[in-house]
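Each remark here refers to the structure printed beneath this line.
Residue numbers (the working numbering): 71 to 200.
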């Protein structure tokens with residue numbers, strides 16, 4: 071009868087509106103995750119560039135120190151070598167810190183990928199229910 075159909079129709083309308091709300095929430099969450107993913111991926115690229123630049127500098131210092139140690143020793147040379155070795159040690163500490171940071175960023179990206187995949191699956195599930 072009409073009342074029963076009307077009631078079912080209203081229930082379906084309510085269910086559809088709830089699903090639409092859920093889809094909108096998922097779309098918002100997906101957009102936030104994508105934005106965060108972009109930020110972390112960009113920082114990871116920057117960190118890797120900085121890491122490579124520091125590693126190149128350390129390699130140059132090593133070569134230069136090796137050459138300087140082969141020349142006639144004098145006090146000025148000793149001071150220069152010490153300064154370069156201290157700077158190289160500082161670069162190596164930064165390199166270690168960057169390696170930890172890139173590992174953390176890579177892990178964050180993996181976690182975001184998993185969440186994005188799950189959100190995408192949820193969205194697909196809701197889309198298929200429409």
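Even for Gly, the Cβ is constructed at its ideal location relative to N, Cα and C.
Output the distance between the C-alpha atoms of residue 134 and residue 184, rounded to the nearest integer angstrom.
46 Å
If we call anything under 8 Å between Cβ atoms a contact, is residue 154 one with residue 168?
no
If you draw a straight line from the C-alpha of residue 188 to the C-alpha of residue 196, how long is it?
12 Å
Compare the Cα-Cα distances from residue 173 to each of 106, 117, 91 and report the closest residue.
117
Pairing CB atoms from the stretch 159-168 with CB atoms from the stretch 110-126, are three or more of them under 8 Å?
yes
Proximity below 8 Å, CB of residue 114 to CB of residue 175
yes
By alpha-carbon positions, which one of 141, 139, 100 ends up nearest to residue 186?
100
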